[in-house]
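Going by my numbering, 1273 is the number at position 123 of the sequence shown; the sequence numbering is gapless.
For each residue, glycine too, the CB sits at the ideal point set by N, CA and C.
Okay, so here's the structure we're looking at.
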Amino acid sequence: MVHLYCKVTGIKDTSRGGAYHNKKFKEESIRHGFYYPSDKPDPKIGWSYSKITDETKEVIDSLDLIPDVFKIARATFGYLPGMETSDQTAEDEDESEEEGPKRSHIIKWVCPTCENIVRSSKEVNIKCGDCDVTFVKSK
């Protein structure tokens, strides 16, 4: 429910490929009837562990809902009818998700003599301790 609301309203509620739930997700969860038993986020998935309040349970239980509808909504979450542009379809949405992984900013360096490998996040000038040769950037 909260992810759907955030998607429709353009709120970026996760990072790390949808795994880490940020403060915006927490804020919207609380606004929509959830609470957090802990005052600290999980280091790996953030504010994912929300619990539904008793008041929210009562409201949901009072509604005449068909539970199977929620299974369908979860299975089709990536595509929301009515949110596409005039030329975009569900197939277009699927194709855009398959563009490939994000480019890494990590640089791979290789010793030209012994082929030892070093990785860095910045440009570096580093020598191999075994060969006393400067590492070269790998392609």
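Beta-ladder partner(s) of residue i, from DSSP
i, result
"residue 1259", "1268, 1287"
"residue 1164", "1171"
"residue 1277", "1284"
Neighbourhood of residue i by C-beta distance below 6 Å, restricted to the same chain and skipping five residues each side
i, result
"residue 1185", "1201, 1203"
"residue 1157", "none"
CA-to-CA distance, residue j to residue i, given in whole angstroms
i, j, result
"residue 1198", "residue 1206", "18 Å"
"residue 1163", "residue 1181", "14 Å"
"residue 1285", "residue 1152", "49 Å"
"residue 1271", "residue 1190", "29 Å"
"residue 1273", "residue 1167", "26 Å"
"residue 1178", "residue 1262", "53 Å"
"residue 1281", "residue 1255", "27 Å"
"residue 1188", "residue 1165", "20 Å"
"residue 1277", "residue 1159", "51 Å"
"residue 1216", "residue 1209", "15 Å"
Contacts around residue i, its chain only, beta-carbon distance under 7 Å, and the 5 residues preceding and following it disregarded
i, result
"residue 1258", "1267, 1269, 1288"
Beta-carbon spacing of residue i, residue j below 7 Å
i, j, result
"residue 1161", "residue 1174", "yes"
"residue 1155", "residue 1195", "no"
Every unbroken alpha helix (DSSP H) inside the region 1166 to 1194 [4 residues or more]: DSSP assignment within the region 1166 to 1194 yields the following whole alpha helix (DSSP H) runs of 4 residues or more, N-terminal first: 1173 to 1181.
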